[in-house]
Amino acid sequence: MTDQAQNRKAGAIIAHLQPAEHPVPSVKPRNLRLLESLLERSVPAIPEVPAPSSEVASVDSQPTRGRIGKFRPRHLVMAATFLAAVVVPSVSASLYMAFVAADQYHSSSSFSVRSIDSSQPSDILGMFTQASSGSTVSDSYVLLDFILSERMVEAVDKAFGLDAIFAARGLDYFYGIGRSLPIEDKLAYWRDMVSVNFDHTSGIMTLEVKAFTPSESQKIASFVISQSEKLVNELSLSARDEVLKVAQGEVRMAEERLSNARTALRIYRDSSQEADPVEGAKLAMQLVASLDQQLVGLKTELSTALTQMGENTPRIRLMRSQINSLEKQIQQERQRFGTGATSKQARSAATAFTDVAGRIQQYETLETDREFAERAYTSSLAGLEKARIEASAKQRYLAVFIKPTLSEMAQYPSRILNSILVLLGALLAWGVAVMAYYNIRDRN
10 MTDQAQNRKA GAIIAHLQPA EHPVPSVKPR NLRLLESLLE RSVPAIPEVP APSSEVASVD
70 SQPTRGRIGK FRPRHLVMAA TFLAAVVVPS VSASLYMAFV AADQYHSSSS FSVRSIDSSQ
130 PSDILGMFTQ ASSGSTVSDS YVLLDFILSE RMVEAVDKAF GLDAIFAARG LDYFYGIGRS
190 LPIEDKLAYW RDMVSVNFDH TSGIMTLEVK AFTPSESQKI ASFVISQSEK LVNELSLSAR
250 DEVLKVAQGE VRMAEERLSN ARTALRIYRD SSQEADPVEG AKLAMQLVAS LDQQLVGLKT
310 ELSTALTQMG ENTPRIRLMR SQINSLEKQI QQERQRFGTG ATSKQARSAA TAFTDVAGRI
370 QQYETLETDR EFAERAYTSS LAGLEKARIE ASAKQRYLAV FIKPTLSEMA QYPSRILNSI
430 LVLLGALLAW GVAVMAYYNI RDRN
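Each number in the working numbering comes from the position in the sequence shown (counting from 1) with 9 added on.
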């Protein structure tokens with residue numbers, strides 16, 4: 010093809026240079042002869058052969074074949090995967106949402122965990138301490154976990170039957186629950202159909218239950234609230250019993266201690282045969298004082314009699330005998346108070362508590378223990394009563410201020426939104442797969 014074009018061009022140039030239809034001069038100019046000789050050397054004379062009709066047709070159809078050749082097999086594969094991965098799932102999801110998916114109705118309710126606390130703070134610091142101590146946030150989180158727990162699923166399944174109340178409606182097996190599922194699958198399905206939102210600032214919990222009929226969603230929401238109220242009462246009663254249990258334990262310990270002190274005091278009185286050694290000591294001191302007074306009187310009389318009588322007279326001997334008897338009796342009475350020794354070694358263990366001083370010491374020790382045990386017992390009784398009052402005043406309860414509603418229009422499933430999400434998800438997955446393919450292809 011290229012040689013033919015060059016021959017045509019050379020022939021055209023020669024034909025243009027040669028004059029047409031007038032006689033060629035016998036002698037050509039020199040420059041013209043040189044040009045002709047150069048052209049004859051560079052382009053050989055090739056006879057012009059007419060091209061067949063098939064070749065001309067192929068040349069004319071060459072642009073059309075170039076456009077078709079741009080679509081390679083991988084482009085066809087990409088188009089097929091786009092149809093299979095994006096178009097077919099999106100259309101199927103849209104048709105399923107439009108004609109197969111069953112309507113779902115929701116029932117919503119709002120409630121909060123409150124505490125009965127009638128005490129008023131006396132200052133600003135008391136307001137903060139009271140708010141922190143009477144906070145019910147922890148109980149609200151416990152209730153939140155309880156609603157979405159296996160225990161609630163078991164209670165609802167026992168009361169209504171999850172397989173029956175959430176069974177597939179028609180051909181909608183995607184949003185229905187299967188039969189004879191394990192508890193883990195039932196829990197996952199329950200968390201899809203029930204949602205609980207908790208506002209930490211206000212302490213309000215919002216419950217939303219979905220079902221295939223309005224009445225069923227309302228019944229399930231009412232049952233969940235009743236079970237939640239039962240749990241709050243159990244927690245409140247458990248905390249109250251725990252506080253009272255500690256206070257009652259203190260009372261029992263104080264009562265036992267008081268009983269032991271009283272028993273020890275009674276044993277002492279039985280062994281000493283006196284109710285109060287202090288009072289006995291007072292009586293003994295009065296007796297010793299009277300004996301001393303009599304002794305002083307006798308000695309005075311003896312001194313007076315000696316001035317008038319002799320030493321061997323019967324009256325003098327009698328008076329001296331009376332004086333000796335009073336002195337011995339006074340000495341004996343004084344020994345009942347103590348031995349008179351100041352060191353601990355002078356007092357033996359046998360006579361440690363036989364005198365009045367020892368008995369008074371022992372009695373005072375026992376009496377002190379008894380008084381302390383009585384005070385402790387009285388304090389423990391006051392603590393028990395205070396704990397009972399506080400436990401009764403700070404009980405938790407569930408305040409339901411929006412009862413479960415009865416829906417009149419189906420809000421779920423979100424047909425348009427779900428269709429759009431399926432389309433975007435499929436398109437994203439297909440785009441990622443294509444980009445990964447081209448990335449691998451460029452690296453290879």
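Just so you know, even glycine gets a beta-carbon here, dropped at the ideal spot from N, CA and C. What you are looking at is a predicted structure, and each value in this text was computed from that prediction instead of being measured.
**Asked** Does the distance from the C-beta atom of G212 to that of S149 stay below 8 Å?
**Response** Contact flag set, yes.
**Status (buried if at least 16 other CB within 10 Å, exposed otherwise) for Q454** = Only positions 10 to 453 of the chain appear in the structure, and residue 454 is not among them; the question remains open.
**Message:** If contact is defined by three or more beta carbon pairs under 8 Å, each pair taking one atom from either stretch, is the segment 92 to 101 in contact with the segment 407 to 426?
**Reply:** No, they do not touch.
**Message:** Assuming E283 is part of the beta strand (DSSP E), what are its boundary residues?
**Reply:** DSSP places E283 outside any beta strand (DSSP E), giving it a letter other than H or E.
**Request:** Note the first and the last residue of the continuous beta strand (DSSP E) segment covering E217.
**Result:** Where E217 is concerned, the enclosing beta strand (DSSP E) stretches over I213 to A220.
**Asked** Tell me the DSSP bridge mates of F120?
**Response** F120 has M214 and V409 as its beta-bridge partners, per DSSP.
**Item:** Where H209 falls, given that 16 or more other Cβ within 10 Å makes a residue buried
**Value:** Here H209 is exposed: its Cβ has fewer than 16 other Cβ atoms, across all protein chains shown, within 10 Å.
**Asked** Can you tell which of S103, L432, E217 and L240 has the C-alpha that lies nearest to the C-alpha of A230?
**Response** When each option's Cα is compared against that of A230, the closest is E217.
**Asked** Can you name the start and end residues of the alpha helix (DSSP H) that N453 belongs to?
**Response** If you look at N453, you'll find it isn't in any alpha helix (DSSP H); DSSP assigns it neither H nor E.
**Request:** Under the assumption that E383 contacts L274 (Cβ atoms under 8 Å), give the Cβ distance between them as a whole number of angstroms.
**Result:** The C-beta distance from E383 to L274 rounds to 11 Å, too long to fall under 8 Å, and the pair is not in contact.
**Item:** 4-residue-minimum alpha helix (DSSP H) runs that sit fully inside the segment 93 to 119, ordered along the chain
**Value:** Qualifying alpha helix (DSSP H) stretches, in chain order: 97 to 104.
**Request:** Give me the Cα-Cα distance between D181 and Q257, rounded to the nearest whole angstrom.
**Result:** Looking at the backbone, the Cα of D181 and that of Q257 are separated by about 60 Å.
**Prompt:** Quick one: Cα of Y105 to Cα of A164, how far?
**Reply:** For Y105 and A164, the distance between alpha carbons rounds to 33 Å.
**Request:** Less than 8 Å between the CB atoms is what I'm expecting for S389 and E265, so what's the real figure, rounded?
**Result:** That belief does not hold up - the Cβ atoms of S389 and E265 are roughly 11 Å apart, past 8 Å.
**Message:** Below 8 Å, how does it come out for the segment 189 to 199 and the segment 237 to 256: are there three or more Cβ pairs, yes or no?
**Reply:** With fewer than three CB-CB distances shorter than 8 Å, the segment 189 to 199 does not count as touching the segment 237 to 256.
**Every unbroken beta strand (DSSP E) inside the segment 150 to 233 [3 residues or more]** = The segment 150 to 233 contains, as complete beta strand (DSSP E) runs of 3+ residues, the segments 203 to 207 and 213 to 220 (chain order).
**Request:** Measure the beta-carbon distance from T90 to W439 and round it to whole angstroms, keeping in mind my assumption that it falls under 8 Å.
**Result:** Indeed they touch by this definition, with Cβ atoms about 7 Å apart.
**Asked** Who are the near neighbours of L311 in its chain, counting only those whose CB is closer than 8 Å to its CB and skipping five residues on each side?
**Response** Around L311: I325, M328, R329 and I332.
**Prompt:** Using the rule of at least 16 other Cβ atoms within 10 Å of the residue's Cβ for burial, across every protein chain shown, is I174 buried or exposed?
**Reply:** Taking every protein chain shown into account, the CB of I174 has 16 or more other CB atoms within 10 angstroms, so this residue is buried.
**Message:** So, for I429: in the same chain, excluding its five sequence neighbours on each side, which residues have a beta-carbon less than 8 Å away from its beta-carbon?
**Reply:** So no residue of the chain qualifies.
**Asked** Quick one: what's Y421 bridged to in DSSP?
**Response** Note: Y421 is bridge-paired with Q113 in the DSSP secondary-structure output.
**Item:** Proximal residues to Q227 (C-beta, below 6 Å), its chain only, five neighbours per side dropped
**Value:** So the qualifying residues of the chain are S116, P413 and L415.
**Request:** Please name the residue in V122, D172, R123 and Y198 whose C-alpha comes closest to that of S158.
**Result:** Nearest neighbour of S158 by Cα position, chosen from V122, D172, R123 and Y198, turns out to be Y198.
**Asked** Since A408 contacts S121 with CB under 8 Å, what's their CB separation in whole angstroms?
**Response** Cβ atoms of A408 and S121 come within 8 Å of each other, at about 5 Å.
**Prompt:** If you draw a straight line from the alpha carbon of V255 to that of L153, how long is it in whole angstroms?
**Reply:** Each residue's alpha carbon lies about 29 Å from the other.
**Prompt:** Rounded to whole angstroms, how far is the Cβ of Y421 from the Cβ of K219, which I believe are closer than 8 Å?
**Reply:** The pair is a contact, with the Cβ atoms about 6 Å apart (cut-off 8 Å).
**Request:** Alpha carbon to alpha carbon, how far is M294 from Q371? Give it in angstroms, no decimals.
**Result:** For Q371 and M294, the distance between alpha carbons rounds to 19 Å.
**Asked** Does the beta-carbon distance from P459 to R368 come in below 8 Å?
**Response** Any answer about residue 459 is impossible in this case: the structure gives the chain only from 10 up to 453.
**Prompt:** Exposed or buried, which one is Q113 when buried takes at least 16 other CB atoms within 10 Å?
**Reply:** Its Cβ being crowded by 16 or more others within 10 Å, Q113 is buried.
**Request:** Quick one: grab the DSSP three-state call for E394.
**Result:** Helix, per DSSP.
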